[in-house]
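Engineer:
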Amino acid sequence: MPNSIRVACIQPSSTQNMEENISVVSEMILDVASKGAKFIATPENVALMEHCVDSLIEQSGTLKDHPAISTFADLAIRTKTYILIGSLALKSKGRKLLNCSILIDSNGNIIGNYNKIHLFDVTLSSGEIYNESDLYKNGDKAVVVDLPWGKIGMTICYDLRFPSLYSLLANAGAQVITIPAAFTRFTGKDHWHVLVRARAIESGCFIVAPGMWGQHSGGRSTYGHSLIVDPWGKVLADAGEGVRSIIADINLNTVSRVRLELPTLKHEKKYRLL
Numbered sequence: 001m002p003n004s005i006r007v008a009c010i011q012p013s014s015t016q017n018m019e020e021n022i023s024v025v026s027e028m029i030l031d032v033a034s035k036g037a038k039f040i041a042t043p044e045n046v047a048l049m050e051h052c053v054d055s056l057i058e059q060s061g062t063l064k065d066h067p068a069i070s071t072f073a074d075l076a077i078r079t080k081t082y083i084l085i086g087s088l089a090l091k092s093k094g095r096k097l098l099n100c101s102i103l104i105d106s107n108g109n110i111i112g113n114y115n116k117i118h119l120f121d122v123t124l125s126s127g128e129i130y131n132e133s134d135l136y137k138n139g140d141k142a143v144v145v146d147l148p149w150g151k152i153g154m155t156i157c158y159d160l161r162f163p164s165l166y167s168l169l170a171n172a173g174a175q176v177i178t179i180p181a182a183f184t185r186f187t188g189k190d191h192w193h194v195l196v197r198a199r200a201i202e203s204g205c206f207i208v209a210p211g212m213w214g215q216h217s218g219g220r221s222t223y224g225h226s227l228i229v230d231p232w233g234k235v236l237a238d239a240g241e242g243v244r245s246i247i248a249d250i251n252l253n254t255v256s257r258v259r260l261e262l263p264t265l266k267h268e269k270k271y272r273l274l
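Reading the sequence shown from the start, the letters are residues 1 to 274 in this note's numbering.
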């Protein structure tokens with residue numbers, strides 16, 4: 001199997017209109033696929049940026065019946081690509097939802113899904129308050145998926161701030177880690193690039209981090225700056241602001257080369273505090 005693959009990040013500005021959001025993102029996927037992208041990643045909340053709890057619950061679904069999944073599965077078949085649905089709100093037992101990232105293969109099959117472990121419960125000095133755990137149930141399983149060209153570790157947004165998850169994924173064989181996000185503009189301007197590059201360097205993995213961008217319902221503002229970063233921490237592509245896509249060619253031989261040069265995963269020791 002080839003060690004090189006062309007990857008893409010889609011950076012939309014999703015709204016409260018799911019049908020419109022899916023249509024916009026679908027066109028963006030078709031565009032990057034026409035340019036040779038074989039792995040296409042979309043951001044967190046790609047199908048719906050909705051602050052109204054009742055509306056979000058009403059428009060949620062399951063892995064079997066969420067309307068966005070069938071659309072993206074058809075696109076994967078049509079374009080012969082692998083598509084990461086950054087995240088969708090999925091029903092679970094009880095009233096709380098799951099913030100779920102879904103990986104679809106080129107035959108339209110779901111080959112991996114990951115429920116966000118770390119939920120965004122913060123009060124920012126900007127006045128923004130987020131209590132993701134009021135609506136969502138956290139996941140408790142890390143996920144690595146085998147693809148024909150390598151292993152993918154799956155994470156979502158706020159997970160980025162917890163480096164032990166990325167070390168776990170790397171030690172489980174991940175060569176690429178996805179971080180679909182809807183990072184706030186307030187935190188993103190100071191933290192996003194630093195954290196994404198740090199996770200790439202620490203794990204010795206490529207990072208594919210598609211971000212949501214723009215102004216959304218409820219006054220939320222997201223940072224954009226979708227990133228593709230290599231295991232050395234070099235930024236291969238940065239979408240900046242606006243509705244746009246980025247593409248980069250990645251060679252998985254870089255992972256083994258960097259890990260040989262800086263074998264930090266092998267050097268990590270267990271220790272105790274005195």
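All C-beta atoms, glycine included, are put in the ideal place defined by N, C-alpha and C.
None of the values given here were measured: they were computed from a predicted structure.
#1: Between the alpha carbons of Tyr-271 and Tyr-158, how many angstroms are there, rounded?
#2: In angstroms, rounded to a whole number, what distance separates the CA positions of Gly-127 and Gly-188?
#3: Please go through the region 25-83 and give each complete beta strand (DSSP E) segment of 3 or more residues, from N-terminal end onward.
#4: Could you check how far apart the C-beta atoms of Val-196 and Leu-227 are, in whole angstroms? I think they sit under 8 Å.
#5: Answer yes or no: do Ala-68 and Ser-14 have a C-beta to C-beta separation smaller than 8 Å?
#6: Tell me the rounded alpha-carbon separation between Ile-275 and Leu-274.
#7: My parser needs the alpha helix (DSSP H) runs of 4 or more residues fully inside the region 120-204; what are they?
#8: What span of residues does the beta strand (DSSP E) with Ser-221 cover, start to end?
#9: Just to confirm, are Thr-42 and Pro-180 a CB contact at a threshold of 8 Å?
#10: According to DSSP, is Lys-91 helix, strand or coil?
#11: In terms of DSSP beta bridges, what is Val-7 paired with?
#12: Alpha carbon to alpha carbon, what distance is there between Thr-62 and Ser-92?
#13: Short check: CB of Tyr-114 to CB of Cys-100, under 8 Å?
#14: DSSP three-state label for Leu-262, please.
Structural biologist: So, to answer that:
#1: Approximately 27 Å, taken between the alpha carbons.
#2: Rounded to whole angstroms, the gap between the alpha carbons of Gly-127 and Gly-188 is 15 Å.
#3: Counting only runs of 3+ residues, the beta strand (DSSP E) found wholly inside the region 25-83 occupies 39-41, in chain order.
#4: The C-beta distance from Val-196 to Leu-227 rounds to 5 Å, short enough to fall under 8 Å.
#5: Not a contact, by the Cβ cut-off of 8 Å.
#6: The structure shown does not extend to residue 275, since the chain spans only 1 to 274, so no value can be given for it.
#7: Secondary structure remark: continuous alpha helix (DSSP H) runs of at least 4 residues inside the region 120-204, in chain order: 163-171 and 185-203.
#8: First-last of the beta strand (DSSP E) with Ser-221: 221-223.
#9: Closer than 8 Å, so yes.
#10: If DSSP states are grouped into helix, strand and coil, Lys-91 belongs with the strands.
#11: Phe-39 and Ala-248.
#12: So the two alpha carbons sit approximately 8 Å from each other.
#13: With respect to Cys-100, Tyr-114 sits close: the two C-beta atoms are nearer than 8 Å.
#14: Taken through DSSP and simplified to helix, strand or coil, Leu-262 comes out as coil.
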